[in-house]
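Under the numbering used here, the first residue of the sequence shown is numbered 793, with each subsequent residue one higher.
As C-alpha cells, the structure follows; a few thoughts come after it.
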Amino acid sequence: MMNWNLYSHGDKFFAIVVSVLIGMFTVATLYPFIYIAAVSFSSGFAAAAGKVVFSPIDTTIESYKYVFAQKAFWVSYRNTFIYTIGGTLVSLAFIIPGAYALSRPQLKGRRFFNLFIAFTMWFNAGLIPFFLNMRDLNLLDSMFGIILAFAVNAFNIILLRNFFESIPSSFEEAARMDGANDFQVLWKVFVPLSKPAIATITLFCIVSRWNGFFWAMVLLQSEEKIPLQVFLRHTIAKLSDTEEFAMTVLDADYGPETVTAAIIVCSIIPVLIVYPFIQKYFEKGILLGGVKE
793 MMNWNLYSHG
803 DKFFAIVVSV
813 LIGMFTVATL
823 YPFIYIAAVS
833 FSSGFAAAAG
843 KVVFSPIDTT
853 IESYKYVFAQ
863 KAFWVSYRNT
873 FIYTIGGTLV
883 SLAFIIPGAY
893 ALSRPQLKGR
903 RFFNLFIAFT
913 MWFNAGLIPF
923 FLNMRDLNLL
933 DSMFGIILAF
943 AVNAFNIILL
953 RNFFESIPSS
963 FEEAARMDGA
973 NDFQVLWKVF
983 VPLSKPAIAT
993 ITLFCIVSRW
1003 NGFFWAMVLL
1013 QSEEKIPLQV
1023 FLRHTIAKLS
1033 DTEEFAMTVL
1043 DADYGPETVT
1053 AAIIVCSIIP
1063 VLIVYPFIQK
1073 YFEKGILLGG
1083 VKE
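Here you go:
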C-alpha cells in the first residue's frame, strides 16, 4: 500500500486528481456497456419511457427470446464468425509475408514499395470506384468478396514491418548459416519472435472484421449472407416501421429499444471473450512494433 507520509502535499494532491480522473474515465468507458445490458433486460415500456439508467427496470428476458427466435439472427451470427475467422486468417496470410518482405534490406525497390503502401493510408480511389471494381470482379453479393476485398490494411503491414526490423539481424544470419531459406527464416525465426506483434495485428483484424458494417451492407443483397451488424441495422429499420413499432409497443415485455440492445449485447460478447487472451500481448506489440530502432 502507498505510504502517504513519504509524499509532499503537492504529490498527494496530484495523486488524488489523477485517481479521480482515472475513475471518471473508467465510469465513462464502462457506462455504455452497463446501460445497453440494463436496457436489454428491461421491459419495453421502461426503456421507451427512459427510466433505465444503471439497472434493469421490470426485469425480463423477453427481448432475448424474441431475438433468439429469429432464424435470421443465427444465420447472420454464423456469417459474422465466417467473415471474422476466415477474414483474419486471410489477412494474416497476406500481412505476415508482406511485412517480412518489406523489412528486408535486400528487397529491390524496398523504399518505393514502403512509400506506395503508406500512400494508401491517406489516399484511396473512393467509394464509387471501389464498388465498380468489386462489380467488375464479380464479387458483389459474395461472401468470398467480403473476405478477400478487405484482407490487407496498410497500418497493420507497417506495424508488423517495424517489428520485424527491430529483430536483431544476427538471428537471421545464424539461420542462413544453417542453410535456411527465406520461408524458413520467416516461419521458424521471425514468426516465433513476433508473437506480441502478430497477436496485436490479429486483434485488430478480429475487431475490424467483427464490426464490419458499411461495405457488407452495400455489397451484399442476400439475407442469408449478411453479417450480424447488418442484421442489427435491418432489425432497427423494421422495428422503426410504424406498424411494427405499434405492435411491439403494445407488448410491455419488449420493444424496439430492448430488442436492439439485446442484439448489441450478443454481438459484443465474443469480442469480450477473446480480448483477455490477447490483451497481454497488446501493449508490448504496439510499443515494439510502433518504434523503429
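Yeah, the Cβ is synthetic: ideal placement off N, Cα and C, and Gly gets one too.
Point to revise | Assigned secondary structure, Arg953 (DSSP; H/G/I helix, E/B strand, else coil) | key: Three-state result, Arg953: helix.
Point to revise | Sequence-distant residues of the same chain with beta carbon closer than 6 angstroms to Ile990, five excluded per side | key: Beyond the five residues adjoining it in sequence on each side, Ile990 comes within less than 6 angstroms, by CB distance, of no other residue in the same chain.
Review point. Excluding five sequence neighbours on each side, which residues of the same chain lie with their C-beta closer than 8 angstroms to the C-beta of Glu1035?
Key: Confidence at Glu1035 is low in this model, with a pLDDT of 49, below 50, so the placement of that residue should be treated as unreliable; the coordinate-derived value is given next. Nothing meets the Cβ criterion.
Check your understanding: Are Phe947 and Met913 touching if we call contact CB-CB under 9 angstroms?
Key -> Cβ distance < 9 angstroms, so Phe947 and Met913 count as in contact.
Point to revise | Simplified DSSP assignment, three categories, for Leu899 | key: Note: Leu899 maps to coil in three-state DSSP.
Exercise for review: Take Val867 and list the residues in its own chain whose beta-carbon comes closer than 7 angstroms to its own, dropping the five residues that flank it on each side.
Suggested key: Cβ neighbours of Val867 beyond the five flanking positions: Glu1016.
Exercise for review: Identify whether Phe805 lies in helix, strand or coil by the three-state DSSP scheme.
Suggested key: If DSSP states are grouped into helix, strand and coil, Phe805 belongs with the helices.
Review point. Relative to the C-alpha of Phe833, which residue among Tyr823, Asp850, Ile814 and Val819 is closest?
Key: Per the Cα distances, Asp850.
**Study point:** C-alpha gap between Val981 and Ile939, whole angstroms
**Key:** Approximately 28 angstroms, taken between the alpha carbons.
Check your understanding: Nearest CA to the CA of Ile998: which residue from Gly937, Glu964, Pro1062 and Arg1025?
Key -> With distances taken between Cα atoms, Ile998 lies closest to Pro1062.
Exercise for review: Indicate whether the contact test is met: 3 or more Cβ pairs, each with one atom in the stretch 1000-1020 and one in the stretch 922-937, closer than 8 angstroms.
Suggested key: These segments touch.
Review point. Which whole runs of the alpha helix (DSSP H) in the stretch 943-999 are 4 residues long or more, in chain order?
Key: Segments of the alpha helix (DSSP H) lying fully in the stretch 943-999: 946-958, 961-969 and 974-977.
Check your understanding: Per DSSP, what kind of secondary structure is Lys843 in: helix, strand or coil?
Key -> Lys843 falls in the coil class under three-state DSSP.
**Study point:** Beta-carbon proximity of Asp882 to Ala972, cut-off 9 angstroms
**Key:** The question names Asp, yet the displayed sequence has Val at residue 882. Cβ atoms of Val882 and Ala972: not closer than 9 angstroms.
Review point. Leaving out five residues before and five after Ser855 in sequence, what residues of the same chain have Cβ atoms less than 6 angstroms from its Cβ?
Key: The answer, listed in chain order, is Ser832, Tyr1046, Thr1050, Val1051 and Ala1054.
Check your understanding: Run through DSSP, which three-state label would Ala861 get?
Key -> In the structure shown, Ala861 falls within a coil segment according to DSSP collapsed to helix, strand and coil.
Point to revise | Minimum C-alpha distance to Ile950 - residue among Gly890, Asp928, Trp1007 and Pro921 | key: Minimum Cα distance to Ile950 is reached at Gly890.
Check your understanding: Shortest alpha-carbon distance to Leu884 belongs to which of Trp979, Ser958, Arg927 and Ile828?
Key -> Nearest option by C-alpha distance: Trp979.
Practice item. Report yes if the C-beta distance between Ile1056 and Leu1024 is below 9 angstroms; otherwise report no. Key: It is a contact, given that the beta carbons lie within the stated cut-off.
Point to revise | Where the alpha helix (DSSP H) through Asp928 begins and ends | key: Boundaries of the alpha helix (DSSP H) around Asp928: Leu919 to Asp928.
Exercise for review: Taking 9 angstroms as the cut-off, decide whether the C-beta atoms of Leu995 and Thr872 are in contact.
Suggested key: Contact flag unset, no.
**Study point:** Val882 at chain B interface by Cβ criterion, 9 angstroms
**Key:** Annotation note: the requested chain B is absent from the structure, which comprises a single protein chain.
Practice item. Go to Met913, then tell me how far its alpha helix (DSSP H) extends in each direction, as first and last residue. Key: Taken as a continuous stretch (DSSP letters only), Met913 belongs to no alpha helix (DSSP H), as it is neither H nor E.
Review point. Where does Leu822 fall in DSSP's three states?
Key: The answer is helix: DSSP assigns Leu822 an H, G or I state.
Check your understanding: Are Ile993 and Ile887 touching if we call contact CB-CB under 9 angstroms?
Key -> The Cβ atoms of Ile993 and Ile887 lie closer than 9 angstroms to each other.
Practice item. Identify whether Pro848 lies in helix, strand or coil by the three-state DSSP scheme. Key: Three-state DSSP puts Pro848 in coil, outside helix and strand.
Check your understanding: Comparing alpha-carbon positions, which option in Thr880, Phe915 and Ile828 lies nearest Val845?
Key -> Taking the Cα of Val845 as reference, the smallest distance to any Cα among Thr880, Phe915 and Ile828 is reached at Ile828.
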